[in-house]
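**Q**
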Amino acid sequence: MKTTALITSITLLSTALGAPAKRATPSADQVSDAIQSWFNDVTNVNNFLNTAPTLSADNEKTAAEAALVAGNDEPNELMILAGLGPALGTDGQQAVTLLMETFINVPMSLQNIIANPQDGSSQFVQTQLQQINNARCCNVLPALDKLWPAAAAAVGIANPEPTVPRPDACTNGQTVC
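The opening position of the sequence shown corresponds to residue 29 in the working numbering, with each subsequent residue numbered one higher.
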């Protein structure tokens with residue numbers, strides 16, 4: 029009897045875990061909040077990227093930890109906006125796919141800096157920063173240029189954030205895509 033109950037429970041649990049959860053479509057307020065939060069996260073990571081080359085090893089680690097918190101929050105906003113599904117249109121859905129594929133690059137480089145703190149001018153830190161800038165300037169931020177307006181339009185928000193902020197490396201020719 030106990031064995032049968034256990035097998036039945038395991039079967040029901042495994043069936044439930046294997047079934048995709050239906051997520052509610054996000055509201056206009058949730059989309060607006062996600063875009064604003066993501067804007068703040070992007071700005072925080074940009075601030076790190078703009079100041080990192082001048083920081084001491086101790087300050088580099090602390091600043092990278094703060095940037096990592098912001099960078100790790102971005103997938104949360106992505107999941108909210110991705111919940112709009114086909115309402116995002118082709119460009120918005122392609123942006124979601126690209127972001128899901130490229131997000132890991134930024135946290136990995138930030139974790140490398142945290143694990144091996146050095147002065148911002150060191151070759152190691154410069155390499156990590158270049159990897160972050162390549163991912164963000166060439167993929168992440170252009171994808172947001174498409175995703176944010178698509179998400180806002182999908183829920184009837186008239187004035188989303190006007191532009192996705194860029195770190196200096198994206199605008200001064202330092203990073204070429």
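Ideal placement from N, C-alpha and C gives every residue a C-beta, glycine not left out. Note that this is a predicted model, so its numbers are computed, not measured.
Would you please state the rounded distance, in angstroms, between the beta carbons of Ile185 and Ala52? I believe it to be under 8 angstroms.
**A** Between Ala52 and Ile185 the Cβ distance is about 18 angstroms, and since that is not below 8 angstroms, they are no contact.
**Q** For the stretch 110-126 and the stretch 167-178, state whether three or more C-beta atom pairs, one from each stretch, are separated by less than 8 angstroms.
**A** Because the criterion of three Cβ pairs below 8 angstroms is met, the stretch 110-126 and the stretch 167-178 touch.
**Q** As a quick exercise: from Leu109, Leu83, Ala85, pick the residue whose alpha carbon is nearest that of Ile63.
**A** The candidate whose alpha carbon is nearest that of Ile63 is Leu109.
**Q** What does the Cβ neighbour count give for Gln156, buried or exposed, with the cut at 16 atoms within 10 Å?
**A** Gln156 should be labelled buried.
**Q** Go through its chain and collect everything with a Cβ distance to Val192's Cβ below 6 angstroms, but skip five positions before and after it.
**A** If we look at Val192 and ignore the five residues flanking it on each side, its Cβ neighbours are Leu169, Leu172, Asp173.
**Q** For Ala49, does the three-state DSSP call read helix, strand or coil?
**A** Caution is warranted here: a pLDDT of 48 is assigned to Ala49, below 50, making its placement in the model unreliable, and no coordinate value can be reported.
**Q** In the DSSP assignment, find the alpha helix (DSSP H) that holds Gln156 and state where it starts and stops.
**A** Where Gln156 is concerned, the enclosing alpha helix (DSSP H) stretches over 151-163.
**Q** Could you spell out the range, first to last residue, of the alpha helix (DSSP H) harbouring Leu112?
**A** Element bounds for Leu112: n/a, residue is neither H nor E.
**Q** Answer with buried or exposed for Thr199, where buried requires no fewer than 16 other C-beta atoms within 10 angstroms of its C-beta.
**A** The residue is exposed, with fewer than 16 neighbouring Cβ atoms inside 10 Å.
**Q** Express the C-alpha separation of Val153 and Asn74 in angstroms, rounding to a whole number.
**A** For Asn74 and Val153, the distance between alpha carbons rounds to 15 angstroms.
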